[in-house]
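0 is the number of the first residue of the sequence shown in numbering that gives the first Met the number 0; add one for each residue after it.
All C-beta atoms, glycine included, are put in the ideal place defined by N, C-alpha and C.
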Amino acid sequence: MTTSRARRVLVTVSALALISLTALSLPAQEPAQGVTTKDLLAGLTNPSRWLTHSGDYAGHRFSPLTQITPANVGQLAAQWTFQTGVANKFEATPIVIDGTLYVTGALNHAWAIDGRTGRQIWHYQRTLPEGLKVCCGMVNRGFAVLHDRLFMVTLDAHVVALDMKTGKVIYDIEMATVKDGFAATGAPLIVKDKVIVGVAGGEYANRGFIDAYDPMTGQRAWRFYTIPAPGEPGSDSWKGGIWARGGGPTWLTGTYDPALNLLYWGTGNPNPDWDGESRPGETSTPVRWSRSIRIPAG
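Next up, the structure:
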């Protein structure tokens, strides 16, 4: 992909379709290069690449490509269709690097696809355990990338690192116990030398958190809980033991401000959603929270 040859990817149920201007052709595919933290900080300075879930750390999700305009948009036409074979919802944003699309799908599927032809380069799926409890769709929202590795979370609350060229598993780390209702669907975010991930499952009376992992080893560096434990700031509004099952999941990917070194991450529904008996304040509408945390310098 180049600036002069803009492309758009439409994700549909069980298929990916590449839309392009009919008069143009994709350039020859180049081998994928290692992605550095400097590349991620540069955001969409190179608009032929899409290296994070939202395009850049600001999360605006706006491409600076200008070839497609109101004057020529009527010339857009499908160039190829990729059949995934997965009949479920797709909510992922592909990572785009040097002509290759790296995209995740429902039920822990993931693919590398040649952007010129729609040819599958590799396919990955993590088998799900029986009795899985997932509230709101068996979806996955995408990869993060650093160096030659892709990172994704899974519906059974694991963090998986894949080799970008082959799709082979480098490591597979459990974030939380699936029997307690934990799941994960959001795209990870690479910040400095950490893989930052959130968790889903607030509907099942668990306690939301954000994790940071070493991208090379998979070792967890820190965990930040969205519900304060007794003695922590804000704990006075969580009476008794309800803090341990108060919800506040972190299922959607956050954003990062490099200048302030702050990570911003929204939180989901509390648990129970409507019962305000043990929570002071207005309860006529669902409570919503938002958190920001400072990334450790190391």
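Quick one: is S310 buried, meaning 16 or more other Cβ sit within 10 Å of its Cβ, or exposed?
Past the edges of the chain, shown from 0 to 297, lies residue 310, and the structure says nothing about it.
Taking the alpha helix (DSSP H) that A322 falls in, what are its first and last residues?
As shown, the chain starts at 0 and ends at 297. That puts residue 322 outside it, with no answer to give.
Note down, in chain order, each residue of its chain lying with its Cβ closer than 8 Å to the Cβ of P63, except the 5 sequence neighbours on either side.
L43, P46
Does the count of Cβ pairs from the region 113-122 and the region 130-148 closer than 8 Å reach three?
no
Could you check if K164 is buried or exposed, using at least 16 other CB atoms within 10 Å of its CB as the buried criterion?
exposed
Label A183 either buried or exposed according to how many other C-beta atoms from any shown protein chain fall within 10 Å of its C-beta, with 16 as the threshold for buried.
buried
Can you name the start and end residues of the beta strand (DSSP E) that A211 belongs to?
208-212
For I189, the residue or residues it bridges with in DSSP:
V194
Would you mind working out which of D171, N87, D55, I189 sits nearest D155, comparing C-alpha positions?
D171
Contiguous beta strand (DSSP E) assignments of at least 3 residues, all confined to the region 65-135:
75-82, 94-96, 99-103, 108-113, 119-124
If you follow the beta strand (DSSP E) that H157 is in, where does it begin and where does it stop?
157-162
Does the distance from the C-beta atom of F208 to that of V198 stay below 7 Å?
yes
Alpha carbon of M137 to alpha carbon of K88, nearest angstrom
7 Å
Mapping the DSSP letters down to three states, classify G246 as helix, strand or coil.
strand
Run of the beta strand (DSSP E) containing R219, from where it starts to where it stops:
219-224
Hey, out of T92, Y224, N270, T176, whose CA is closest to F142's CA?
T92
Minimum C-alpha distance to T103 - residue among A76, N139, A86
N139
CA-to-CA distance, E202 to W221, given in whole angstroms:
24 Å
Let me know if R60 comes out buried or exposed under the rule of 16 or more other beta-carbons within 10 Å of its beta-carbon.
exposed
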